[in-house]
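Taking our numbering, I'd label the letters of the sequence shown as residues 174 to 549.
All residues carry an ideal CB built from backbone N, CA and C; glycine is no exception.
To keep things clear, I will list the structure first and then write my remarks on it.
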Amino acid sequence: GIAITQTPQIPPPELLGKRREITAYIGNPKCVSSPCLDYMADVEKSLQVIFFPEDSRNSTLVDAATAKYLQENPDAIIFAGPTGSKADADRHMAIAASQERTAVATFDWIGVFAALFNLEGMANEIVAETEGRYDCSARNAAALTADLPEEEKKTVLWAQYFNGYGWSVAHCPTWDSASYCEYAHHCGTNIVSRPEGLGTSYSFGSDTLYWYLTDEEFLEVGKDADLWIYPSKTFLDVYAEKKELLDQFKAVQNEEVYDTQGQGEHSWHEQRLAEYDVVALDVCALVGNGNPNAPVHRRRWFRNVYAEAIGFLPECNAPSEIGETYIPAEAECSPLFEDSAPLPDDSTTTSASIIPNGSTILASFVAGCLSFAIWF
174 GIAITQTPQI PPPELLGKRR EITAYIGNPK CVSSPCLDYM ADVEKSLQVI FFPEDSRNST
234 LVDAATAKYL QENPDAIIFA GPTGSKADAD RHMAIAASQE RTAVATFDWI GVFAALFNLE
294 GMANEIVAET EGRYDCSARN AAALTADLPE EEKKTVLWAQ YFNGYGWSVA HCPTWDSASY
354 CEYAHHCGTN IVSRPEGLGT SYSFGSDTLY WYLTDEEFLE VGKDADLWIY PSKTFLDVYA
414 EKKELLDQFK AVQNEEVYDT QGQGEHSWHE QRLAEYDVVA LDVCALVGNG NPNAPVHRRR
474 WFRNVYAEAI GFLPECNAPS EIGETYIPAE AECSPLFEDS APLPDDSTTT SASIIPNGST
534 ILASFVAGCL SFAIWF
């Protein structure tokens, strides 16, 4: 069995139909969105949860409980963050898909998990099918924008507010700088990019700098964007605090603000990682560059904060569904034309996968319920 420490480690085993191999979750169970894992933890009690709500920051308690779990499960391994763990290092596997900049490359790390279960062939099929749908939406967008003047393309603001720091805004010097840059390029639209050096930077003890803008800087950068994707659940609270500022934004005036609660509060940081092709379909639909013919794609991840309720994932059809593979909803793309347009320059579908059978892979993957406080 395996123990997971961060919720983004959940989708790959689910895609491979290996939920039963997850025997422990080390962390706050409120962060888990998977209905089937919730069922395993809350109803079946087959998933052990190592968490101490009365003293959640006490690493001594967690370390002791983790050591006991390893002793009771001698064949188990723990999926840790990118640096692994100092205790029982031989039983920890450092995983790091967040080191990849694009959604495509991040998804391809399903091969790490597949290698553990000798399911490389299955992983290759999943990767190929997902990339096929992703290519389809890219070709549709390319066809729809082929003759569209640059000034007529919609502009997307991708930004959120962090108390005590300021506004974190997309930075896209190249199309593959981050997943939001990738999606904008994929869908043939423009994205507001924080100018180099603008704002105040913090390192948070790492080698990476995280940049934040003041209200005044943010207004100048983002006020004219056609629509705003706010990748968090806090927009309405921030709006209540900064109404005078935000009412000056075109996207707010036109009620074109979308958060990432289309499938619930935490799913964006979990299930979304299993369906980057559906996220691309969502973005293309938002900017008007999706296939307009029936069946029209229904947005799954992005929720209009003015007009739409917070979404939720359907209940797990337990126990049968627990052993089944996860199949994303709305994962269907119809080509606009039989001979579709070529993919955008520097195609976003370049894959790091095909995983050879019998491969040995050591990797790392970081994130979790709280780790997204400084990146998205």
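Work out the CA separation of residue j and residue i for me, nearest whole Å.
| i | j | result |
| --- | --- | --- |
| F422 | V300 | 39 Å |
| G339 | T387 | 6 Å |
| G435 | V452 | 11 Å |
| F377 | N336 | 15 Å |
| T373 | E293 | 44 Å |
| C506 | R306 | 6 Å |
| L392 | A237 | 49 Å |
| T233 | Y242 | 14 Å |
| D432 | R471 | 16 Å |
| Q426 | S405 | 20 Å |
| T239 | V285 | 23 Å |
When DSSP builds the beta bridges, which residues end up paired with residue i?
| i | result |
| --- | --- |
| V222 | Y198 |
| S374 | W384 |
| L330 | W401 |
| Y412 | Paired residue(s): none; Y412 is not in a bridge. |
| I177 | Y198, F252 |
| R193 | DSSP, once it has assigned bridges, lists no residue as partnering R193. |
| S341 | Q333 |
Using 10 angstroms around the beta-carbon of residue i, count the other beta-carbons present and answer buried if the total reaches 16, otherwise exposed.
| i | result |
| --- | --- |
| L459 | buried |
| Q333 | buried |
| G496 | exposed |
| P226 | exposed |
| T279 | buried |
| T178 | buried |
| D308 | buried |
| Q221 | buried |
| L321 | exposed |
| P181 | buried |
| D397 | exposed |
Would you mind stating whether residue i and residue j have Cβ atoms separated by less than 7 Å?
| i | j | result |
| --- | --- | --- |
| L454 | N313 | no |
| F445 | D349 | The amino acid occupying residue 445 in the given sequence is Arg; Phe does not appear at that position. It is not a contact, given that the beta carbons lie outside the stated cut-off. |
| E417 | Y479 | no |
| L188 | A447 | yes |
Determine the extent of the alpha helix (DSSP H) in which residue i is found, giving its start and end residues.
| i | result |
| --- | --- |
| G294 | 293-318 |
| D236 | 232-245 |
| Y449 | 449-459 |
For the beta strand (DSSP E) holding residue i, just list the boundary residues, first then last.
| i | result |
| --- | --- |
| F280 | Note, F280: premise wrong, no beta strand (DSSP E); alpha helix (DSSP H) at 276-280. |
| G284 | Looking at the DSSP string, G284 is not in any beta strand (DSSP E); the run it does join, the alpha helix (DSSP H), is 283-289. |
| A267 | 265-267 |
| Y479 | Run containing Y479: none; DSSP gives neither H nor E here. |
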